[in-house]
Amino acid sequence: MPKLSTRSSLSLFDSSLIVPALRGAFAKLSPRVQWRNPVMFVVYIGSILTTLLWLHAIGFEGGTGMAPGFVLAISVWLWFTVLFANFAEALAEGRSKAQAASLRGLRKDTWAKKLKGGHRDAGLHGALTQDQATLHSARATADGGTWLPEQAPNLRKGDVVLVETGDVIPLDGEVIEGVASVDESAITGESAPVVRESGGDFSAVTGGTRVLSDWLVVRITVNPGESFLDRMIGMVEAAKRYKTPNEIALTILLVALTLVFLMVTVTLLPYSIFSVGAVGAGTVVSLTALVALLVCLIPTTIGGLLSAVGVAGMSRMMQANVIATSGRAVEAAGDVDVLLLDKTGTITHGNRQASAFLPGPGIAQQRLIHAAVIASLADETPEGRSIVELARRMGVSDSANAGAMGGDGKPDAVKTLAGGSAAHAVASAGGRFVAFTAQTRMSGADLPVVGHTVETGAVMLRKGAVEAVRKHVEALGGSMAPELLRTADDVARRGSTPLAVSEGNRVLGIVELKDIVKADIKERFAELRRMGIKTVMITGDNKLTAAAIAAEAGVDDFLAEATPEDKLALIRQYQAEGRLVAMTGDGTNDAPALAQADVAVAMGSGTQAAKEAGNMVDLDSNPTKLLEVVETGKALLMTRGSLTTFSIANDVAKYFAIIPAIFVSTYPQLGALNVMKLASPSSAILSAVIFNALVIVFLIPLALKGVRYRAVGAAALLRRNLAIYGLGGLIVPFIGIKAIDWLLALVGWV
1 MPKLSTRSSL SLFDSSLIVP ALRGAFAKLS PRVQWRNPVM FVVYIGSILT TLLWLHAIGF
61 EGGTGMAPGF VLAISVWLWF TVLFANFAEA LAEGRSKAQA ASLRGLRKDT WAKKLKGGHR
121 DAGLHGALTQ DQATLHSARA TADGGTWLPE QAPNLRKGDV VLVETGDVIP LDGEVIEGVA
181 SVDESAITGE SAPVVRESGG DFSAVTGGTR VLSDWLVVRI TVNPGESFLD RMIGMVEAAK
241 RYKTPNEIAL TILLVALTLV FLMVTVTLLP YSIFSVGAVG AGTVVSLTAL VALLVCLIPT
301 TIGGLLSAVG VAGMSRMMQA NVIATSGRAV EAAGDVDVLL LDKTGTITHG NRQASAFLPG
361 PGIAQQRLIH AAVIASLADE TPEGRSIVEL ARRMGVSDSA NAGAMGGDGK PDAVKTLAGG
421 SAAHAVASAG GRFVAFTAQT RMSGADLPVV GHTVETGAVM LRKGAVEAVR KHVEALGGSM
481 APELLRTADD VARRGSTPLA VSEGNRVLGI VELKDIVKAD IKERFAELRR MGIKTVMITG
541 DNKLTAAAIA AEAGVDDFLA EATPEDKLAL IRQYQAEGRL VAMTGDGTND APALAQADVA
601 VAMGSGTQAA KEAGNMVDLD SNPTKLLEVV ETGKALLMTR GSLTTFSIAN DVAKYFAIIP
661 AIFVSTYPQL GALNVMKLAS PSSAILSAVI FNALVIVFLI PLALKGVRYR AVGAAALLRR
721 NLAIYGLGGL IVPFIGIKAI DWLLALVGWV
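Here's what the structure looks like:
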């Protein structure tokens with residue numbers, strides 16, 4: 001199955017994007033499209049007007065006050081200005097369409113094994129409860145007696161299907177029977193499989209993913225065309241359709257500035273007529289020059305790039321493997337000032353790791369460690385691997401050394417094993433590994449006693465949940481020492497997880513699993529604090545454990561022993577204070593809080609209720625992605641603010657270029673304002689118009705890639721923007737207009 005690459009590998013100006021964007025730029029010349037952008041609509045009208053003036057000037061040169069070649073040049077560059085703005089928007093939309101095409105490529109018709117009589121829940125309960133043996137037999141054989149083949153497009157909500165090893169899940173659904181490993185790389189891009197099982201927060205499965213092992217019975221929860229994949233495609237394709245509140249507010253400001261400059265420009269014609277009559281010298285300013293002046297003074301730079309910035313913000317969110325339902329959600333992320341973060345997986349690693357070996361009375365720690373390592377070799381969970389890694393860090397090899405275990409008068413099976421890894425030693429001695437399962441909650445190894453096989457005499461090593469190991473040793477006639485029970489309780493009270501290790505019918509000790517705080521999380525929280533964002537840790541731990549982890553991680557506050565009602569109340573409390581709140585969640589119990597939060601990132605692996613309640617979906621199901629979401633939202637706002645600052649600042653140079661040019665014949669003293677020493681009035685006007693068009697092209701990469709995110713406060717950010725984009729907006733146009741004027745003079749177009 002093809003993998004979705006939302007982190008697009010397409011370069012900014014990839015040929016597969018450029019050609020459609022060029023076509024789109026011309027398609028957007030329709031008046032129905034142009035009027036939606038008031039600033040560029042003024043340029044559009046100016047382009048039409050100057051084109052008509054050129055046609056008029058061909059036969060009546062004296063009637064325009066300008067040479068036809070000059071009028072044509074102005075008209076052409078005004079059209080280029082409109083096309084460049086259209087191209088920027090079309091290029092941004094093209095990147096989103098390419099991502100939607102990648103998603104659409106995953107959608108394919110598959111065959112499914114449908115439960116006979118299970119359509120729309122009919123007979124479902126009976127099929128799953130009255131005769132489980134028949135069900136499991138049908139699962140094993142899939143002979144068509146219970147399961148009927150059906151194409152995915154013919155499935156409907158409520159149907160029940162069987163998916164086995166190698167099968168593709170036909171549509172979104174909920175697991176109602178079985179446990180299986182599922183490859184979701186087609187959706188998330190992550191190669192590591194995930195476990196899906198009935199009940200809890202990990203029962204949701206997504207259409208288009210593949211079962212790697214075991215089997216699942218899935219109740220379909222959507223109709224064809226309503227799947228998660230279909231909704232993602234719709235979200236991406238709809239990215240260009242909605243303006244955010246901030247974008248609307250900025251558009252109103254730009255319209256107001258445009259109206260002001262329009263009023264000023266309109267008054268210049270009668271003023272010029274009066275001045276020429278009063279002075280008795282010079283020529284009346286032409287309509288072409290006035291149109292050029294208006295286009296250069298209105299904020300065309302940000303007006304032309306505004307839509308592209310918004311669409312590109314959603315595209316960058318997609319590249320982070322986050323689907324936003326609208327641009328509003330992306331912008332809201334940039335305005336967030338409170339982050340609610342789950343402890344597990346966000347602040348801590350989530351996969352608990354071994355932190356200490358606690359031997360029982362009379363047991364050497366070395367003996368406990370070796371038993372724990374061998375018992376963990378068949379445990380592929382992160383917890384099992386962490387036990388082996390902790391032993392290695394403590395300098396205890398996983399080799400089966402002599403004297404590693406023994407006692408109680410029993411032959412020591414390990415003493416007969418040669419050097420090398422414990423796994424090789426167990427296998428070479430005829431030992432047998434016992435894999436970890438969710439049912440037994442234990443893993444281990446059966447080691448043959450000297451002179452016996454595993455079947456005739458073995459020492460059983462087990463590691464697992466305390467209760468599971470206790471029952472195991474009691475079944476063998478042993479018991480768990482009270483001291484070890486107290487040790488296990490102490491570990492639990494510290495917020496850690498105890499695992500017991502046994503050899504035969506004796507428990508050797510406890511392994512403490514601790515959810516380790518991520519190494520770089522404290523620095524990330526410090527950055528957020530500098531930006532004025534408050535971080536709040538949400539956990540089900542008791543207050544003492546929560547306080548200790550909060551202090552270690554550096555969060556500003558925490559909510560311990562949190563219930564869904566507590567989360568909802570906390571969000572409402574912050575919102576009542578006028579703050580914007582962001583949070584993540586994956587379970588049905590998170591849905592109310594997600595629906596209430598201003599920015600709600602639902603995990604792609606979460607329940608359907610969580611996805612529907614959130615306004616973003618993280619395909620990677622990585623809780624720390626919330627930090628990246630906020631940074632992307634901040635970058636969007638920074639990009640828009642930077643381009644607005646540059647756009648307004650670069651008008652200053654145009655004043656010095658055009659104002660002297662159109663009035664110098666009447667008022668020669670205005671020649672002193674020609675600080676750039678432009679070659680002629682015609683060259684000055686044309687140079688300003690050309691620069692005004694080309695600057696949009698040069699700023700397209702910045703609009704699409706975004707201003708680099710920096711964790712600074714609002715005041716520092718304002719100073720930086722004014723220094724770089726404000727000062728740059730003042731200086732760059734002087735250099736650009738002068739360079740264009742020099743080229744025009746060089747080729748004799750003055």
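Going by full-length UniProt numbering, the sequence shown opens with residue 1, and the numbers climb by one from there.
Even for Gly, the Cβ is constructed at its ideal location relative to N, Cα and C.
{"query": "VAL264 burial status per 10 Å Cβ neighbour count (16 or more: buried)", "result": "exposed"}
{"query": "Alpha carbon of THR725 to alpha carbon of ARG640, nearest angstrom", "result": "In the sequence under discussion, the amino acid at residue 725 is Tyr, which differs from the Thr named in the question. Whole-angstrom Cα-Cα distance: 11 Å."}
{"query": "Alpha helix (DSSP H) segments (min. 4 residues) lying fully within the region 319 to 371", "result": "327 to 335"}
{"query": "Contact set for residue 776: own chain, Cβ-Cβ below 7 Å, skip 5 residues either direction", "result": "With the chain covering 1 to 750 only, the question about residue 776 has no answer from this structure."}
{"query": "Minimum length 4: unbroken alpha helix (DSSP H) runs contained in the region 455 to 509", "result": "466 to 475 and 482 to 493"}
{"query": "Under 8 Å between C-beta atoms of ILE737 and ALA292", "result": "no"}
{"query": "Counted within 10 angstroms of its Cβ, other Cβ atoms place PRO681 as buried (16 or more) or exposed", "result": "buried"}
{"query": "Beta carbon of ALA653 nearer than 8 Å to that of ASP741", "result": "no"}
{"query": "Length of the line joining the Cα atoms of VAL336 and ILE533", "result": "7 Å"}
{"query": "Cβ pair count under 8 Å reaching 3, the region 681 to 698 against the region 291 to 309", "result": "yes"}
{"query": "GLY144 classed as buried or exposed, judged by whether at least 16 other C-beta atoms fall within 10 angstroms", "result": "Low confidence applies to GLY144: its pLDDT is 43, below 50, so where it sits in the model is not reliable, and the reading given next is rough at best. It is exposed - the Cβ of GLY144 has fewer than 16 other Cβ atoms within 10 Å."}
{"query": "Cβ shell of ASP121 (< 7 Å), same chain only, five flanking positions each side left out", "result": "For ASP121, the predicted structure reports a pLDDT of 40, less than 50, and the residue's modelled location is therefore unreliable. The matter cannot be settled from this model."}
{"query": "ASP556, DSSP secondary structure in three states", "result": "coil"}
{"query": "The region 28 to 46 contacting the region 266 to 282, beta-carbon criterion three pairs below 8 Å", "result": "no"}
{"query": "The region 340 to 349 touching the region 463 to 479, judged by at least three CB pairs closer than 8 Å", "result": "no"}
{"query": "Sequence-distant residues of its chain with Cβ nearer than 8 Å to SER137 (five each side left out)", "result": "Because the pLDDT of SER137 is 43, which lies under 50, any placement of that residue in the model is unreliable, and the number read from its coordinates should be weighed accordingly. Closer than 8 Å at Cβ, skipping near neighbours: no residue."}
{"query": "Secondary structure of PRO170, DSSP reduced to three states", "result": "coil"}
{"query": "Cα-Cα separation between PHE274 and THR51, rounded to whole angstroms", "result": "27 Å"}
{"query": "Burial state of LEU17, where buried means 16 or more other Cβ atoms lie within 10 Å", "result": "buried"}
{"query": "Limits of the unbroken alpha helix (DSSP H) element including GLU523", "result": "521 to 530"}
{"query": "Straight-line gap, VAL732 to ASN650 (C-alpha atoms, nearest Å)", "result": "8 Å"}
{"query": "Cβ contact check for the region 352 to 365 and the region 314 to 328: 3 or more pairs under 8 Å", "result": "no"}
{"query": "Any beta strand (DSSP E) of 3 or more consecutive residues that is wholly inside the region 238 to 314", "result": "none"}
{"query": "Three-state secondary structure (DSSP) of ARG579", "result": "coil"}
{"query": "Unbroken alpha helix (DSSP H) run spanning GLU631, endpoints", "result": "625 to 649"}
{"query": "Whether ALA610 touches THR588 by CB criterion (8 Å)", "result": "yes"}
{"query": "Buried versus exposed call for THR251 [16 or more other C-beta atoms within 10 Å across all chains shown]", "result": "buried"}
{"query": "contact_flag[the region 593 to 607, the region 371 to 382] where n(CB pairs < 8 Å) is 3 or more", "result": "no"}
{"query": "Close beta carbons around LEU746, own chain, < 8 Å, minus the five adjacent residues each side", "result": "none"}
{"query": "Counterpart residues of MET616 in DSSP-defined beta bridges", "result": "ALA324 and VAL601"}
{"query": "First and last residue of the uninterrupted beta strand (DSSP E) at ILE538", "result": "534 to 538"}
{"query": "Outcome for ASN321 when other beta-carbon atoms lying within 10 angstroms are tallied against a minimum of 16", "result": "buried"}
{"query": "Cβ-based burial, ILE323 [other Cβ within 10 Å; buried from 16]", "result": "buried"}
{"query": "Span separating the alpha-carbon of PRO38 from that of GLU247", "result": "13 Å"}
{"query": "Cβ separation of PHE558 and ALA569, assumed to be a contact under 8 Å, to the nearest whole Å", "result": "So it is not a contact: roughly 15 Å between Cβ atoms."}
{"query": "Classification of LYS677 by the beta-carbon crowding that lies within 10 angstroms, buried from 16 upward", "result": "exposed"}
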